[in-house]
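Engineer:
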Amino acid sequence: MSRLSLTNLPVAPAVDPRQLSVGVVHLGLGAFHRAHQAVVTERAAVATGDTRWGIAGVSQRSATVRDQLAPQDGLYAVLERGLGDPSVQVIGSIRDVLTAPEDPEEVVARIADPAVSVVTLTVTEKGYRARGDGLDLDDPEIRADLTGRPPRTVVGQLAAGLARRVEPLTIVSCDNLVANGPFLRRLVADYVEALGKVPEVFEATRFPASMVDRIVPATTGADRDEAARLLGVRDEAVVVAEPFLQWVIEDDFAGERPAWEQGGAVLTPDVAPWERAKLRMLNATHSMLAYLGALRGYETIAEAVRDDELAALARALMTEDVVPTLSPPDGLDLTEYGATVLERFANPALKHRTTQVAMDGSVKLPVRMLGTVRDRLAAGAEPRVITLAVAAWMTYVLKTPTVDDPQSGRLEAALAGVSGAAAVVDALLGVESIFTPDLRESPVFRDLLVEHVNALTA
Ligand code: CS2
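Quick note: to get our numbering, add 246 to the position in the sequence shown (first position is 1).
1) Would you say the beta carbon of residue 459 comes nearer than 7 Å to a heavy atom of ligand 1?
2) Measuring CB to CB, does residue 638 end up less than 8 Å from residue 527?
3) For residue 649, which residues from the same chain have a beta carbon less than 6 Å from its beta carbon, with the 5 sequence-adjacent residues on both sides left out?
4) Would you grab the beta carbon distance between residue 306 and residue 438 for me? Rounded to a whole angstrom, and I think it's under 8 Å.
5) Can you say whether residue 257 is buried or exposed, counting buried as having 16 or more other CB atoms within 10 angstroms of its CB?
6) So, under 8 Å CB-CB, residue 559 and residue 631 are touching, yes? Tell me the CB distance rounded to an integer number of Å.
7) Taking C-alpha atoms, which residue in 554, 555, 536 and 556 lies nearest to residue 547?
8) Whole angstroms are fine: how far does the CA of residue 354 sit from the CA of residue 412?
9) For the region 380-447, list the beta strand (DSSP E) runs that are entirely contained and at least 3 residues long, ordered along the chain.
10) For residue 459, which beta-bridge partners are listed by DSSP?
11) Tell me the rounded alpha-carbon separation between residue 471 and residue 480.
12) I'd like to confirm something about residue 532: is its beta-carbon nearer than 7 Å to some heavy atom of ligand 1, or not?
13) Enumerated in chain order, which unbroken segments of the alpha helix (DSSP H) with a length of 4 residues or greater are wholly contained in the region 523-558?
14) Using 8 Å as the cut-off, can you tell me whether the region 324-343 makes contact with the region 608-624, which would need three or more C-beta pairs spanning the two stretches below that distance?
15) To the nearest angstrom, report how far apart residue 689 and residue 463 are at their CA atoms.
16) Expressed to the nearest angstrom, what Euclidean distance is found between the alpha-carbon atoms of residue 459 and residue 652?
17) Within the region 264-306, note down every full alpha helix (DSSP H) run reaching 4 residues or more, in order along the chain.
18) Please state whether DSSP places residue 669 in a helix, a strand or coil.
19) If you check the beta carbons only, do residue 641 and residue 677 fall under 8 Å apart?
20) Just mark residue 684 as buried or exposed, buried being the case when its beta carbon has 16 or more other beta carbons within 10 Å.
21) Is the beta carbon of residue 700 within less than 7 Å of some heavy atom of ligand 1?
22) How is the beta strand (DSSP E) around residue 342 delimited, first residue to last?
23) Looking at C-beta atoms only, is the number of pairs between the region 509-523 and the region 551-558 that lie closer than 8 Å three or more?
24) Give every residue of the same chain whose Cβ lies closer than 7 Å to the Cβ of residue 391, excluding the five residues on either side of it in the sequence, and list them in chain order.
25) Just verifying my parser: in three-state terms, what is the DSSP assignment at residue 632?
26) Should residue 603 be counted as a contact of ligand 1 given a C-beta to heavy atom distance under 7 Å?
27) Please determine, among 672, 670, 491 and 371, the residue with the shortest C-alpha to C-alpha distance to residue 328.
28) Could you round the C-beta distance between residue 476 and residue 332 to whole angstroms and report it? I think they count as a contact, below 8 Å.
29) Which residues in the same chain have their Cβ closer than 6 Å to the Cβ of residue 498, if we skip the five residues on either side of it in sequence?
30) Nearest CA to the CA of residue 395: which residue from 468, 351, 610 and 368?
31) Between residue 597 and ligand 1, is there a pair consisting of the residue's CB and a ligand heavy atom that are separated by less than 7 Å?
32) Less than 8 Å between the CB atoms is what I'm expecting for residue 372 and residue 609, so what's the real figure, rounded?
33) Can you give me the start and stop residues for the alpha helix (DSSP H) that residue 468 sits inside?
34) Please list the terminal residues of the continuous beta strand (DSSP E) segment that includes residue 335.
35) Helix, strand or coil for residue 503, going by three-state DSSP, please let me know.
36) Suppose you measure from the CA of residue 374 to the CA of residue 589; what does that come to, to the nearest Å?
Set out below in structure tokens:
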């Protein structure tokens, strides 16, 4: 079967990438971006006819995506898997693809380009290289960037790009982090301060917060085959996603931007309540199901949530521990939201692996779980279910020989020679990059953890 390209499609794509100029640089060209912001950006281009907002996408590590997209004129399909028949849609908003390790200078040049007024990012939690609320200045890659080499880290790329700009920029984090905009601003500020050179445009540069939501599992061979069947051509870059898509963006831009609201996004003065509800309801429950599910031998999230006991725990997590810590944004009914989240997880057509959601726990837990623990403890409550979620992570780390985590070395070192639930809990609570002193020193939290780890390892 021949390959997807502009000349090889039964119907023309809604947008021809050749007709677009680059106005957005995106860092982290993984499946999530292609199934989320790139789709909304294309819809906005279709709705407005504005051709200024093609995307230059940057892969931070490997050349795989570039090698997949280049022979396809930047086109790829989103395979939507919901309850009905799957469908495909070819997306044309990606104009150029760069591979950062091969051409770090070009990445900086693109960020500095005056035609670019917006940079978006999906680099996952670990891509920020933070420690606590600030930049990890001991990170070897950050240190190497600070010596003045062409930058390899995301924060280094942004700082170097800003240093060459005259017009301010807007930088939109689209990762699952608390107050992702202000957080990224702080990291870039830490970096330029360590460098001793604050770019002139830094003060005027905006870092709006944004909440992103769409379940995008890793693409499988079966997904590629399904897409080929529906398209009539082969697409090596297909991404798979659920039908649901939500993007809430803080309306705080330094210059022009794509009309994302015409592509389905919501622009609002305050993203915080949306983001908090999503991280604490959806992502925390997702992680709990991933750890408990993996421990029970389930391969996918959908299988885990079809286990009655795990589904009941997921509901209990949201209603007992999370909802009391939230003040929902106007128009969001938390009970309904929680039910929808579980329905989405149960989607049997999405083969979202428990091990995929389970990875990088050391950087996910603080964002999605530990705030809830802290708030419940402060309210004098006994946070039983959220602590079970943390205990499930601890047990998963204990039982997984090579855990997929940026701090795997630290976790393995902490657990070396340790046995028994109490010792395991104390060893992992001692990892200071994850647990802050208030949590480490809470007897209520520790006792609950020991009780749960005991039960989970029994
Ligand atoms: C998941 C998220 O892998 C994970 O940690 O919880 O990627 C989740 O699927 C998305 O945030 C949904 O919007």
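Here a beta-carbon is modelled for each residue, glycine too, at the ideal position from N, C-alpha and C.
Structural biologist: Based on what the coordinates show:
1) Your numbering for residue 459 matches position 213 in the sequence shown. Relative to ligand 1, residue 459 has its C-beta within less than 7 Å of a heavy atom.
2) Numbered from 1 along the sequence shown, position 392 holds the residue referred to as residue 638. Numbered from 1 along the sequence shown, position 281 holds the residue referred to as residue 527. No; because the gap between Cβ atoms is not below 8 Å, this pair is not in contact.
3) In the sequence shown, residue 649 corresponds to position 403, counting from 1. A distance below 6 Å between beta-carbons, with the five flanking residues on each side excluded, links residue 649 to the following residues of its chain, in chain order: 643.
4) The count along the sequence shown starts at 1 and reaches residue 306 at position 60. The count along the sequence shown starts at 1 and reaches residue 438 at position 192. So it is not a contact: roughly 20 Å between Cβ atoms.
5) The count along the sequence shown starts at 1 and reaches residue 257 at position 11. Around the beta carbon of residue 257, fewer than 16 other beta carbons lie within 10 angstroms, which makes this residue exposed.
6) Locating residue 559 in the sequence shown gives position 313, where the first residue counts as 1. Locating residue 631 in the sequence shown gives position 385, where the first residue counts as 1. 7 Å between Cβ atoms; contact.
7) Position 301 of the sequence shown holds residue 547. Cα-wise, what sits closest to residue 547 is 536.
8) Counting from 1 along the sequence shown, the entry for residue 412 is found at position 166. Counting from 1 along the sequence shown, the entry for residue 354 is found at position 108. The C-alpha of residue 412 lies about 14 Å from the C-alpha of residue 354.
9) Listed in chain order, the beta strand (DSSP E) runs fully inside the region 380-447 are 416-419, counting runs of at least 3 residues.
10) Translated into positions along the sequence shown, residue 459 becomes position 213. Paired residues: 492.
11) For the purposes of this step, residue 471 is taken as the residue at position 225 of the sequence shown. For the purposes of this step, residue 480 is taken as the residue at position 234 of the sequence shown. The C-alpha of residue 471 lies about 8 Å from the C-alpha of residue 480.
12) Stepping through the sequence shown from its first residue, residue 532 is reached at position 286. Shortest gap from the CB of residue 532 to any heavy atom of ligand 1: under 7 Å.
13) Runs of the alpha helix (DSSP H) inside the region 523-558: 530-541 and 547-551.
14) The region 324-343 makes no contact with the region 608-624; the number of CB pairs closer than 8 Å stays below 3.
15) For the purposes of this step, residue 689 is identified with residue 443 of the sequence shown, where counting begins at 1. For the purposes of this step, residue 463 is identified with residue 217 of the sequence shown, where counting begins at 1. Going from the Cα of residue 689 to the Cα of residue 463 covers about 38 Å.
16) Residue mapping note: residue 459 aligns to position 213 of the sequence shown, counting from 1. Residue mapping note: residue 652 aligns to position 406 of the sequence shown, counting from 1. Distance between the alpha carbons of residue 459 and residue 652: 23 Å.
17) Along the length of the region 264-306, whole alpha helix (DSSP H) runs at least 4 residues long occupy 277-281 and 283-294, reported in chain order.
18) Counting from 1 along the sequence shown, the entry for residue 669 is found at position 423. Residue state, collapsed to three classes: helix.
19) To locate residue 641, count along the sequence shown from 1; it is residue 395. To locate residue 677, count along the sequence shown from 1; it is residue 431. It is not a contact, given that the beta carbons lie outside the stated cut-off.
20) Stepping through the sequence shown from its first residue, residue 684 is reached at position 438. Classification for residue 684: exposed.
21) Here residue 700 corresponds to residue number 454 of the sequence shown, with the count starting at 1. Outside the cutoff, so no.
22) The residue given as residue 342 occupies position 96 in the sequence shown. Note, residue 342: beta strand (DSSP E), 340-345.
23) Flag = no, the region 509-523 and the region 551-558 do not touch.
24) Position 145 of the sequence shown, counting from 1, holds the residue named residue 391. So the list reads 397, 398, 399 and 402, once near-sequence residues are dropped.
25) To locate residue 632, count along the sequence shown from 1; it is residue 386. Residue 632 falls in the helix class under three-state DSSP.
26) If you number the sequence shown from 1, residue 603 lands on position 357. It does: the Cβ of residue 603 is within 7 Å (strictly closer) of some heavy atom of ligand 1.
27) As a position in the sequence shown, residue 328 is number 82, starting the count at 1. For residue 328, the closest C-alpha among the options 672, 670, 491 and 371 is that of 491.
28) Counted from its first residue, the sequence shown places residue 476 at position 230. Counted from its first residue, the sequence shown places residue 332 at position 86. Their Cβ separation, rounded to whole angstroms, is 7 Å, which keeps residue 476 and residue 332 in contact under 8 Å.
29) By one-based count along the sequence shown, residue 498 stands at place 252. Non-local C-beta neighbours of residue 498 in its own chain, meaning closer than 6 Å and more than five positions away in sequence, comprise 452 and 454, ordered along the chain.
30) Locating residue 395 in the sequence shown gives position 149, where the first residue counts as 1. Nearest C-alpha to residue 395: 351.
31) In the sequence shown, residue 597 corresponds to position 351, counting from 1. Look at residue 597: its beta carbon is at least 7 Å from all of the heavy atoms in ligand 1.
32) As a working mapping, residue 372 is identified with position 126 in the sequence shown. As a working mapping, residue 609 is identified with position 363 in the sequence shown. Indeed, because the Cβ distance is near 5 Å, the residues count as touching under 8 Å.
33) Residue mapping note: residue 468 aligns to position 222 of the sequence shown, counting from 1. Counting along the chain, residue 468 sits inside the alpha helix (DSSP H) bounded by residues 467-477.
34) Within the sequence shown, residue 335 is the residue found at index 89, counting from 1. Unbroken beta strand (DSSP E) run through residue 335: 333-337.
35) Along the sequence shown, one-based indexing puts residue 503 at 257. If DSSP states are grouped into helix, strand and coil, residue 503 belongs with coil.
36) To locate residue 374, count along the sequence shown from 1; it is residue 128. To locate residue 589, count along the sequence shown from 1; it is residue 343. Using only the alpha carbons, I get a separation of about 31 Å.
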